[in-house]
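S.K.: Numbering (my numbering), first residue to last: 72 to 515. Just so it is clear, CB atoms sit at the ideal spot from N, CA and C, and this is done for glycine as well. Would you mind keeping the following structure in view while I ask a few things?
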């Protein structure tokens with residue numbers, strides 16, 4: 072009995088050793104390229120040893136690119152070179168096929184590792200042996216259009232490939248014109264946009280009415296495909312049907328398989344108070360988002376600096392000298408302002424909290440009012456006489472004043488002291504007024 076057990080043990084041991092030795096020999100043979108006997112056990116090519124263009128160059132990604140970067144690059148390149156959008160370019164179809172070929176290899180970690188090691192020349196289907204499904208350096212097993220449908224079918228809710236433009240649509244961008252007050256205070260404004268709605272022809276199913284989806288022969292309806300890599304077997308989501316187990320053989324003529332069509336729709340956009348010219352906001356519409364860029368018109372009254380606004384207030388000479396009140400337009404209401412006596416031109420009045428609402432913060436900006444003194448271009452005889460009388464008593468004048476004769480005391484005398492029809496009482500009254508006027512100028 073012990074001899075029998077020992078004999079069986081030796082038999083199992085020999086069998087295990089044989090399997091182990093066979094595996095080592097198999098792995099060593101795989102690492103040798105015939106007939107040139109180029110050993111690559113520890114040698115990695117930096118580029119594919121083939122006339123084929125480097126797959127990384129085809130997709131425009133570095134050799135260290137992540138799977139996410141590779142997929143994104145394929146999206147962009149496939150959009151650019153798809154035959155449907157390049158009907159006049161005879162090379163677009165070939166370029167599109169190259170993109171599919173490159174993506175098929177680089178999107179699979181096992182194949183990518185083999186490609187990085189051997190390049191295109193090391194992927195000859197004849198070297199695979201044993202019916203193993205390696206990528207061939209001469210022809211690709213993947214239909215470029217099918218790969219395209221699978222990848223971009225993800226963007227149409229898993230319905231498969233549909234309208235090319237609908238699949239590749241970036242978030243839609245719109246422009247909206249606003250007046251200064253609309254941007255400052257906020258407003259609800261309508262905008263017409265394109266939205267995706269269920270296809271009325273196929274009822275959102277993606278295939279022509281009266282037809283059915285077909286069983287996926289690539290994965291035999293399981294939604295998973297098996298890849299043999301030497302002694303290992305890997306299972307991954309089917310690249311043809313995207314894991315659904317079926318494919319659309321007759322896409323809908325209206326939506327081209329996406330199950331959705333574009334329709335115009337008017338939506339109300341709540342414009343927040345305080346938006347600026349050129350600012351863009353994001354707004355969800357259904358399952359997608361749109362971007363709206365505002366174009367704000369300039370105001371004839373206000374100037375904007377962030378949340379602050381500036382405007383000008385024009386006052387008369389008498390208001391500036393004697394003081395008083397003035398009315399001006401505010402952003403939210405008409406403002407009644409007090410003008411202090413002796414106000415100088417460019418005097419600035421600050422109204423706290425009367426500016427624009429801060430979009431990214433709390434509170435409001437300020438309203439700055441810049442006082443401008445209006446100088447009259449034409450005077451009545453009485454006004455001119457009063458000013459000449461005042462000018463006679465000025466002592467700090469640099470230069471001369473028209474109509475005044477300089478004196479040795481620094482003052483002056485009027486060429487026409489009294490106007491016809493003026494009485495002595497009127498002149499005395501004017502003198503009293505001019506005395507006050509002089510004090511105010513001296514005060515300022």
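Determine the DSSP secondary structure at residue 244, reduced to helix, strand or coil.
M.R.: Looking at residue 244 - three-state DSSP - the assignment turns out to be strand.
S.K.: Which residue marks the beginning of the alpha helix (DSSP H) containing residue 188, and which one marks its end?
M.R.: Its alpha helix (DSSP H) spans residues 180 to 189.
S.K.: How about the region 329 to 347 and the region 305 to 318: do they share at least three Cβ pairs that are nearer than 8 Å?
M.R.: Contact between the region 329 to 347 and the region 305 to 318 is absent, because fewer than three Cβ pairs lie under 8 Å.
S.K.: Between the alpha carbons of residue 376 and residue 165, how many angstroms are there, rounded?
M.R.: When rounded, the distance between both Cα atoms is 55 Å.
S.K.: Could you give the residue range of the beta strand (DSSP E) that holds residue 386?
M.R.: Residues 379 to 386.
S.K.: If you drop the 5 nearest sequence neighbours on each side, which residues of the same chain put their C-beta closer than 6 Å to that of residue 394?
M.R.: For residue 394, where only same-chain residues beyond five positions count, the Cβ hits under 6 Å are 410, 411, 412.
S.K.: When the Cα atoms are used, what is the spatial distance from residue 440 to residue 391?
M.R.: Looking at the two C-alpha atoms, the distance is approximately 15 Å.
S.K.: Excluding sequence positions up to five away, which residues of its chain have a Cβ less than 8 Å from the Cβ of residue 458?
M.R.: Counting only Cβ-Cβ distances below 8 Å, and skipping sequence neighbours, we find 450.
S.K.: Note down, in chain order, each residue of its chain lying with its Cβ closer than 7 Å to the Cβ of residue 287, except the 5 sequence neighbours on either side.
M.R.: Here the set comprises 309, 311, 312, 316, 317, 318.
S.K.: Over what stretch of residues does the alpha helix (DSSP H) that includes residue 325 continue unbroken?
M.R.: It is not in any alpha helix (DSSP H) - residue 325 carries neither H nor E in the DSSP assignment.
S.K.: Quick one: what's residue 440 bridged to in DSSP?
M.R.: Answer is 382, 420.
S.K.: Please identify the residue among 127, 136, 148 whose C-alpha is closest to the C-alpha of residue 190.
M.R.: Nearest option by C-alpha distance: 127.
S.K.: Where does residue 200 fall in DSSP's three states?
M.R.: Low per-residue confidence applies at residue 200: pLDDT is 39, beneath 50, and the placement is therefore not dependable enough to give any value.
S.K.: Select from 363, 428, 331 the residue whose C-alpha is nearest the C-alpha of residue 243.
M.R.: With distances taken between Cα atoms, residue 243 lies closest to 363.
S.K.: On the three-state DSSP scale, how would you describe residue 466?
M.R.: In the structure shown, residue 466 sits in coil (DSSP, three-state: anything other than H, G, I, E or B).
S.K.: Excluding five sequence neighbours on each side, which residues of the same chain lie with their C-beta closer than 6 Å to the C-beta of residue 523?
M.R.: Residue 523 is absent from the model: the chain starts at 72 and stops at 515.
S.K.: Leaving out the 5 sequence neighbours to the left and right, which residues in its chain are closer than 6 Å to residue 267 when beta-carbon positions are compared?
M.R.: So the list reads 331, once near-sequence residues are dropped.
S.K.: I think residue 262 touches residue 340, with their Cβ atoms under 8 Å apart; what is that distance to the nearest whole Å?
M.R.: Contact holds; Cβ gap of about 5 Å.
S.K.: Here's the rule: buried if 16 or more other CB atoms are within 10 angstroms of the residue's CB, otherwise exposed. What is residue 179?
M.R.: With 16 or more Cβ atoms within 10 Å of its Cβ, residue 179 is classed as buried.
S.K.: Do residue 320 and residue 285 have their C-beta atoms closer together than 8 Å?
M.R.: Yes.
S.K.: Which residue marks the beginning of the alpha helix (DSSP H) containing residue 132, and which one marks its end?
M.R.: Premise fails: residue 132 is in no alpha helix (DSSP H) and is neither H nor E.
S.K.: My output table needs one value for residue 414: the three-state DSSP class, helix, strand or coil.
M.R.: Three-state DSSP puts residue 414 in coil, outside helix and strand.
S.K.: State the Cα-Cα distance for the pair residue 132 and residue 251, rounded to the nearest angstrom.
M.R.: Near 46 Å, if we compare the C-alpha coordinates of residue 251 and residue 132.
S.K.: Restricting to Cα atoms, I'd like to know which of 443, 150, 374, 130 is closest to residue 552.
M.R.: Residue 552 is absent from the model: the chain starts at 72 and stops at 515.
S.K.: Take residue 358 as the anchor and find which of 438, 424, 185, 269 has the nearest alpha-carbon.
M.R.: Comparing Cα-Cα distances from residue 358 to each of 438, 424, 185, 269, the minimum goes to 269.
S.K.: Starting from residue 397 and walking both ways along the beta strand (DSSP E), at which residues does that stretch end?
M.R.: It spans 395 to 400 - the beta strand (DSSP E) in which residue 397 sits, taken as one unbroken run.
S.K.: Closer than 6 Å by C-beta to residue 258: which residues in its own chain qualify, once you throw out the five before and the five after it? Chain order, please.
M.R.: 342, listed in sequence order.
S.K.: Would you call residue 518 buried or exposed, if buried means 16 or more other Cβ atoms sit within 10 Å of its Cβ?
M.R.: In the structure as shown, the chain begins at 72 and stops at 515. Residue 518 is therefore absent and cannot be evaluated.
S.K.: Under a Cβ-count criterion, where at least 16 other Cβ atoms within 10 Å of its own Cβ denotes burial, should residue 96 be classed as buried or exposed?
M.R.: The residue is exposed, with fewer than 16 neighbouring Cβ atoms inside 10 Å.
S.K.: Give me, in chain order, the residues of the same chain whose beta-carbon lies closer than 6 Å to that of residue 184; leave out the 5 immediate sequence neighbours on both sides.
M.R.: Once the five neighbours on either side are set aside, residue 184 has no close Cβ partner at all.
S.K.: Can you tell me where the alpha helix (DSSP H) with residue 167 in it begins and where it stops?
M.R.: Taken as a continuous stretch (DSSP letters only), the alpha helix (DSSP H) holding residue 167 covers 163 to 177.
S.K.: According to DSSP, residue 355 sits in a beta bridge with which residue or residues?
M.R.: Looking at the DSSP assignment, residue 355 forms a beta bridge with 360.
S.K.: Roughly how many angstroms separate the alpha carbons of residue 402 and residue 474, rounded to a whole number?
M.R.: Whole-angstrom Cα-Cα distance: 45 Å.
S.K.: Note the first and the last residue of the continuous alpha helix (DSSP H) segment covering residue 143.
M.R.: First-last of the alpha helix (DSSP H) with residue 143: 138 to 152.
S.K.: Would you mind working out which of 444, 435, 152 sits nearest residue 419, comparing C-alpha positions?
M.R.: With distances taken between Cα atoms, residue 419 lies closest to 444.
S.K.: With H, G and I counted as helix, E and B as strand and the rest as coil, what does DSSP make of residue 408?
M.R.: Residue state, collapsed to three classes: strand.
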